[in-house]
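Take a look at the structure below.
Have a look at this one:
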């Protein structure tokens, strides 16, 4: 796992957290209706959790060649305000259809799209497992940590090579999640999260339904009062409680997630599984 | 086969004249035994009722391309004596995460029905289906003569299911697990093959993620003297591989698993000596991890290889790839990563004159580092006259290159091009790639499968409709300008069976243009297009023998008829809407009265 490159925006982007997240599940479309649509244009990843949002939702119909003004490179926006970022991403979204198809400049095309390139999961996971030294060098040398969304767009214009900042972040790390008593497993892409809270939030929505009405910021799963505990199987095959080690260490050693029901017998279980916070 | 069909047709004419009753059924059956392809058998069964009945009884291998097109019970009624069943489940785009996880494709009802009717099942082949451990257990216990189980891109089972197969199938010859998603529960499934099991001919567990008991594996290989195909997973270390090869020099197909050792150690020499004894190996794959310098061990067997798959080894440098290719003069099928580069493909072109199938996969999904371009493809087309099938992930493509390729290789049956930037035009002219693909379909008269990418307008579909007469499967992504594009295809490609479209501006006009067409096809997938609920409803109402399924993963319902449908999958069926659909799949009712526009009230 290339820790340096995977969590490019971790804590250092000028954008607030919710704008950096990818629109992977319905949770985001309803919690942050506006931002999620902003995200759609740029932050598309190859394969996501098994609930997708189409990037076309906000487009009613594609512009034709005649209708669509020539799409200028969206590098003119330099501020990170939401209005300019939304306009640049909408520009890019429109570019997905006739705009991009007609302009000579293709560097504006977002590189990551759900299910494209059409490569099967086992191949993708195989690629992820193989660290590519050349790739890391390219990104290490650039100062990606202060990147905001507009720089992402700029980067794709400026660099002669294709990749954008989003490349590394949108590499997938799919792990299965099982919940006790629930026969069907789900999959999550850990690389679409940057901290335990968002992961837990997503899992909550997956298994418990949406909790949008609650104002609590602490995830139900992570709270000590919860009847469930979120655990993971690590490289050695042991089940550990999620949240005890730094996020990056976690993503590099996790193999599988399991939402366990806490045993009813009160025999010091609380000691073993302490509160996360 | 064409001549056999003609013979049969003229034969049937004679029969009609002299009276069908003149020939006893046994004679017909004997004649039909010579027909292997299901298409020929399907054609034969249409001649008359008598032939349909006889053919139905004599059919031993049944192929069902869409498990929801027909029911297990009907299948068993129609072909009471079949021994081999092939089933396919999910739509192809499920491979790329476009189909939600619990969509369907369960094999259990089939196994249950066959068990109940005491079908004498000997072979089961499944693709993109959900296979539970229960299914495998029932399979292993209900069919004593089960000889072959082939699972491709399936999921839903664990190694416990494999343990059941190993334990109970006494005459198992083939266990082939190809790219499945299997959960490892560490039950030592390989140990479950009893000591009495000596019948294995083919064992492929390359996709399994967990460990196997190496001693048990070695013993198994030792006692199965007829083993010709063995594909190991990554957990089998090099010294076990060496021992296995010592015990099974008769292998024809080998998948190595990992291939990591110190090239200076004595293991290297030992391995070379052992591999040299394996004179029958014609197919080589695996190499999931390869240490630098280790690949040369296999050079000694490369000269006889007809199949080489290095596509799971991203760590190999292009020079090493080129080195190994130099030894493979007889290669017919090559799967490789794009880090071989255009230069490497030129070496392939000059070395592998018998190449029939080439697949070049991306080693980095964003096109970083070594990639291939149109140059590599042109070189291959020029050097490999036998080429029939290509899957090519590349950085860019030009019309000129495609035209050259079309001229050099008129024998393509499968042509799949995937440009990493899916709407990229010809970089030299900035034109769409319409003319290039047009040249391909015009030249390759036997083309059966085509996948497009790059900047494409309606024009390419006009060409496809005009020229691609044998086309059976077409994959479209980010292409076209208007309904006309899709209409060209539906009008033109008479043999089209599967059409899958994503992110293209085709809507109701195209969808409803020729609704009868869909009954001649297996299925149609449209996602992120312009089709609305109203269009789907209209179609379902007109065509009661189609299942028009809408996949809606959002919380909000699709209520209005002018709302776009994100994912639609329709297929012909004899058995009406399926009963196992999850709540995010809604089959649009065929009955006007029932159609209420509510996506979630099933």
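Protein chains in written order, with my numbering: chain A, 1 to 277; chain B, 1001 to 1602. Beta carbons are placed, not taken as given, at the ideal position from N, Cα and C, and that holds for glycine.
Ignore the nearest five residues each way along the sequence and tell me which others in residue i's own chain have a CB closer than 7 Å to its CB.
i: residue 1090 of chain B; result: 1099, 1103, 1105 and 1128
i: residue 83 of chain A; result: Because residue 83 of chain A carries a pLDDT of 39, less than 50, the predicted location of this residue cannot be relied on, and the following value inherits that uncertainty. Here the set comprises nothing.
i: residue 214 of chain A; result: Low local confidence applies: a pLDDT of 46 at residue 214 of chain A is under 50, so the model's placement there is unreliable, with the coordinate-based value given in what follows. Excluding positions up to five away in sequence, the list is empty.
i: residue 959 of chain B; result: The requested residue 959 of chain B does not occur in the structure, where chain B is confined to residues 1001 to 1602.
i: residue 228 of chain A; result: 221, 259, 260, 261 and 262
With distance defined between alpha-carbon atoms, name the residue in the options nearest to residue i.
i: residue 1612 of chain B; options: B:1336, B:1429 and B:1378; result: Here chain B covers residues 1001 to 1602 and nothing more, so residue 1612 of chain B does not appear.
i: residue 1318 of chain B; options: B:1302, B:1360, B:1354 and B:1329; result: B:1360
i: residue 1576 of chain B; options: B:1516, B:1582, B:1588 and B:1583; result: B:1588
i: residue 1610 of chain B; options: B:1199, B:1488, B:1262 and B:1373; result: The question about residue 1610 of chain B has no answer here: the residues shown for chain B are numbered 1001 through 1602.
i: residue 1034 of chain B; options: B:1055, B:1023 and B:1392; result: B:1055
i: residue 1122 of chain B; options: B:1424, B:1114 and B:1083; result: B:1083
i: residue 1093 of chain B; options: B:1518, B:1500 and B:1213; result: B:1500
i: residue 1264 of chain B; options: B:1429, B:1253, B:1294 and B:1412; result: B:1294
i: residue 1228 of chain B; options: B:1248, B:1039 and B:1298; result: B:1248
i: residue 1044 of chain B; options: B:1299, B:1475, B:1007 and B:1068; result: B:1007
i: residue 1114 of chain B; options: B:1144, B:1503, B:1130 and B:1096; result: B:1144
i: residue 1025 of chain B; options: B:1046, B:1050, B:1064 and B:1042; result: B:1050
i: residue 1566 of chain B; options: B:1282, B:1553 and B:1518; result: B:1553
i: residue 248 of chain A; options: A:237, A:203 and A:192; result: A:192
i: residue 1209 of chain B; options: B:1201, B:1188 and B:1028; result: B:1188
i: residue 1027 of chain B; options: B:1005, B:1058, B:1118 and B:1037; result: B:1058
i: residue 1297 of chain B; options: B:1311, B:1314 and B:1278; result: B:1278
Please state whether DSSP places residue i in a helix, a strand or coil.
i: residue 1303 of chain B; result: coil
i: residue 1207 of chain B; result: coil
i: residue 1584 of chain B; result: coil
i: residue 1354 of chain B; result: coil
i: residue 1178 of chain B; result: strand
i: residue 249 of chain A; result: helix
i: residue 1382 of chain B; result: helix
i: residue 1057 of chain B; result: helix
i: residue 1041 of chain B; result: helix
i: residue 109 of chain A; result: Caution is warranted here: a pLDDT of 46 is assigned to residue 109 of chain A, below 50, making its placement in the model unreliable, and the coordinate value is therefore given only provisionally. Three-state DSSP puts residue 109 of chain A in coil, outside helix and strand.
i: residue 206 of chain A; result: helix
i: residue 1486 of chain B; result: helix
i: residue 1240 of chain B; result: helix
i: residue 1198 of chain B; result: coil
i: residue 1031 of chain B; result: helix
i: residue 258 of chain A; result: strand
i: residue 1075 of chain B; result: helix
i: residue 1231 of chain B; result: strand
i: residue 1129 of chain B; result: coil
i: residue 74 of chain A; result: A caution first: residue 74 of chain A carries a pLDDT of 38, below 50, which makes its placement in the model too unreliable to give a value.
i: residue 1218 of chain B; result: helix
i: residue 94 of chain A; result: The predicted model places residue 94 of chain A with a pLDDT of 36, which falls under 50 and marks its position as unreliable; any figure quoted below should be read in that light. Residue 94 of chain A: helix per DSSP, three-state reduction.
i: residue 1298 of chain B; result: helix
i: residue 1103 of chain B; result: coil
i: residue 196 of chain A; result: helix
Mind checking who residue i pairs with in its DSSP beta bridge?
i: residue 1418 of chain B; result: B:1393
i: residue 1336 of chain B; result: B:1360
i: residue 174 of chain A; result: A:189
i: residue 1148 of chain B; result: B:1123 and B:1174
i: residue 1477 of chain B; result: B:1502
Using a Cβ-Cβ cut-off of 6 Å (strictly less than) and excluding sequence neighbours within five positions of residue i, which residues of its own chain qualify?
i: residue 1585 of chain B; result: 1549 and 1551
i: residue 21 of chain A; result: Note that residue 21 of chain A scores a pLDDT of 37, beneath 50, so its modelled location is shaky and nothing firm can be said.
i: residue 1181 of chain B; result: 1155
i: residue 174 of chain A; result: 187 and 189
i: residue 1543 of chain B; result: 1515
i: residue 1205 of chain B; result: 1177 and 1233
i: residue 133 of chain A; result: For residue 133 of chain A, the predicted structure reports a pLDDT of 39, less than 50, and the residue's modelled location is therefore unreliable. A value from the coordinates is still provided. Excluding positions up to five away in sequence, the list is empty.
Does any residue of chain D bring its CB to less than 8 Å from the CB of residue i?
i: residue 177 of chain A; result: Absent from the structure: chain D. Protein chains present are A and B.
For residue i, collect the residues of the same chain with a Cβ closer than 8 Å to its Cβ; drop the 5 residues on either side in sequence, then sort them by chain order.
i: residue 1005 of chain B; result: 1040 and 1043
**Message:** Pairs of beta-carbons, one from the region 1345-1353 of chain B and one from the region 1371-1390 of chain B, closer than 8 Å: are there three or more?
**Reply:** yes
**Prompt:** Does the region 1525-1532 of chain B come close enough to the region 1073-1081 of chain B to have 3 or more Cβ pairs within less than 8 Å?
**Reply:** No contact exists between the region 1525-1532 of chain B and the region 1073-1081 of chain B.
**Prompt:** Quick one: any contact between the region 1473-1487 of chain B and the region 1503-1511 of chain B, if contact means 3 or more CB pairs under 8 Å?
**Reply:** yes
**Asked** For the region 1130-1139 of chain B against the region 1164-1182 of chain B, are there 3 or more C-beta pairs whose distance is under 8 Å?
**Response** yes
**Message:** Quick test of the definition: if touching needs 3 or more C-beta pairs under 8 Å, does the region 1261-1269 of chain B touch the region 1298-1310 of chain B?
**Reply:** no
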